[in-house]
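Protein chains in written order, with the working numbering: chain H, 1 to 207; chain L, 1001 to 1180.
Think of the CB as a built atom: it goes at the ideal place given N, C-alpha and C, for glycine as much as any other residue.
Since the structure is predicted, the reported quantities are computational estimates derived from the model, not experimental observations.
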């Protein structure tokens, strides 16, 4: 997998630490009632602010940082699939079927090729409740950070993006058709292209 | 009589570890005076406990514990040197060291930036400092917490692993005289 070690220049790449509106994430928060209990899978780093925000809800929060997975990918199909399955089995063994209502995938889908996406979704499906939501962001620029970035929830409708390294790589630039193919059991609830070039999506699992 | 003020002043501060180091200095080991000066029962870094650990007072663990820990209504701090491989129940639980196992906090669980937790946390309130390492789940539902407390309240205080270094243990165990 090609990773361009270009010099990091926030002015060019727009991948510096930045705070931005997040209307799709805000929609997800609106959907989440405070009455019922939610099963939430956060595929980002464990962050104090994120925990504080999500703890507003009665929830069981699973935190499984996908940086570990993304770092282990080599670009070789068989090895990457094995790495994905190993990473998944490490944490999913203790998760009951149909226990997750919301997957906060942040930008991890950008780092999975078509086959890995397919495998990931296949592994994930049994854990998801009917009607479960997936929140994700894709890069529309030609370049993206070499590894998934750190997202911090500033407010219901605001996120902070923080790249963990200056390296970049080509972005897959997924469009809606690409994502529909990767998530065939889901429909798009909302999608917004942000001014920074990221496009947010909220998918819902079909009943 | 316990002087509780030093305990309040020192709660959650790293100075506990420094004071402990002084208490177990080879020349003048005075674990009893350590206990009086802080009011906190402490399991030192050289202690290895395998079995069920129960108590009715606040506890700081800098050593190794494998099994279960049940402090009922009291506070547990796993210090930076603490290495726990156990399911843990206490009123509030603060993790500065390493813990592998499930955690049930009746009121609150705090994972400090030096903490490394691999397990499932159940508590009405959970806080995590940036920099902490966490893998597992956090169940923030107080209704469930009330019904999941360990029932093993009659277990012995602790069972020392016979294979552990008893010479080292003997010194530090005196310092735990407040444990019940």
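Query                                                                                                                          : Result
Within-9 angstroms CB hit, residue 1136 of chain L to chain H                                                                  : yes
Nearest neighbour of residue 1072 of chain L, chosen from L:1085, L:1089, L:1061 and L:1059 [CA to CA]                         : L:1089
Cα-Cα separation between residue 136 of chain H and residue 35 of chain H, rounded to whole angstroms                          : 25 angstroms
Proximity below 9 angstroms, CB of residue 70 of chain H to CB of residue 124 of chain H                                       : no
Contact test: residue 1125 of chain L Cβ vs the ligand HEM heavy atom, cutoff 8 angstroms                                      : Ligands in the displayed structure: none, and consequently the ligand HEM is not present.
Coil, strand or helix - residue 181 of chain H by DSSP                                                                         : helix
Alpha-carbon spacing of residue 161 of chain H relative to residue 149 of chain H, whole angstroms                             : 7 angstroms
is_contact[residue 30 of chain H, chain L] using C-beta, thresh 9 angstroms                                                    : no
Alpha helix (DSSP H) segments (min. 4 residues) lying fully within the region 65-147 of chain H                                : 67-72, 77-92 and 114-124
Exposed unless 16 or more other CB atoms sit within 10 angstroms - verdict on residue 86 of chain H                            : exposed
Proximity winner among H:30, H:80 and H:95, relative to residue 41 of chain H (alpha-carbon distances)                         : H:95
Buried/exposed call for residue 1093 of chain L, threshold 16 Cβ in 10 Å                                                       : buried
DSSP bridge partner residues for residue 1066 of chain L (one or two, in chain order)                                          : L:1050 and L:1085
Cβ of residue 1086 of chain L within 9 angstroms of any chain A Cβ                                                             : Absent from the structure is chain A; the protein chains it does hold are H and L.
Contacts of residue 1126 of chain L in chain H (Cβ-Cβ under 8 angstroms)                                                       : 51 and 55
Short CB-CB distance (under 9 angstroms) between residue 106 of chain H and chain L                                            : no
CB contact below 9 angstroms: residue 1090 of chain L versus chain H                                                           : no
C-beta neighbour in chain H for residue 1107 of chain L, strict 9 angstroms                                                    : no
Environment of residue 17 of chain H [buried if 16+ CB atoms lie within 10 Å]                                                  : exposed
Outcome for residue 1151 of chain L when other beta-carbon atoms lying within 10 angstroms are tallied against a minimum of 16 : Per-residue confidence for residue 1151 of chain L stands at a pLDDT of 44, beneath the threshold of 50, marking its modelled position as unreliable; no derived number is given.
Residue 46 of chain H in three-state terms, based on DSSP                                                                      : coil
is_contact[residue 158 of chain H, chain L] using C-beta, thresh 9 angstroms                                                   : no
Residue 1123 of chain L, enclosing beta strand (DSSP E) - first and last residue                                               : Where residue 1123 of chain L is concerned, there is no enclosing beta strand (DSSP E), given that its DSSP letter is neither H nor E.
Assigned secondary structure, residue 1154 of chain L (DSSP; H/G/I helix, E/B strand, else coil)                               : Only weak support exists for where residue 1154 of chain L lies, its pLDDT of 34 falling under 50; the value from the coordinates is given anyway. Correct three-state label for residue 1154 of chain L: coil.
Chain-ordered neighbours of residue 1129 of chain L on chain H, where CB pairs are closer than 9 angstroms                     : 48
Element boundaries [beta strand (DSSP E), containing residue 174 of chain H]                                                   : Careful: residue 174 of chain H lies outside any beta strand (DSSP E) and carries neither H nor E.
For residue 158 of chain H: DSSP bridge partner residues                                                                       : H:21 and H:155
8 angstroms contact criterion, which residue 140 of chain H and residue 180 of chain H should meet: CB distance rounded        : That belief does not hold up - the Cβ atoms of residue 140 of chain H and residue 180 of chain H are roughly 16 angstroms apart, past 8 angstroms.
Span of the beta strand (DSSP E), counted from its first residue to its last, around residue 1077 of chain L                   : 1075-1078
Of the residues L:1070, L:1074, L:1049 and L:1067, the one placed nearest residue 1058 of chain L, counting alpha carbons only : L:1074
Exposure of residue 1047 of chain L, with buried meaning 16 or more beta-carbon neighbours within 10 Å                         : buried
Extent of the continuous beta strand (DSSP E) run through residue 195 of chain H                                               : Neither: residue 195 of chain H is in no beta strand (DSSP E) and is coded neither H nor E.
Segment contact, 8 angstroms Cβ cut-off, at least three pairs: the region 89-107 of chain H with the region 188-195 of chain H : no
Anticipated Cβ contact below 8 angstroms, residue 205 of chain H with residue 19 of chain H, distance rounded                  : Not a contact, Cβ separation roughly 30 angstroms.
Candidates H:60, H:75 and H:145, of which the one nearest residue 1121 of chain L by Cα                                        : H:60
Cβ distance (whole Å) where residue 1112 of chain L is taken to contact residue 1086 of chain L below 8 angstroms              : Their Cβ separation, rounded to whole angstroms, is 18 angstroms, which puts residue 1112 of chain L and residue 1086 of chain L out of contact at 8 angstroms.
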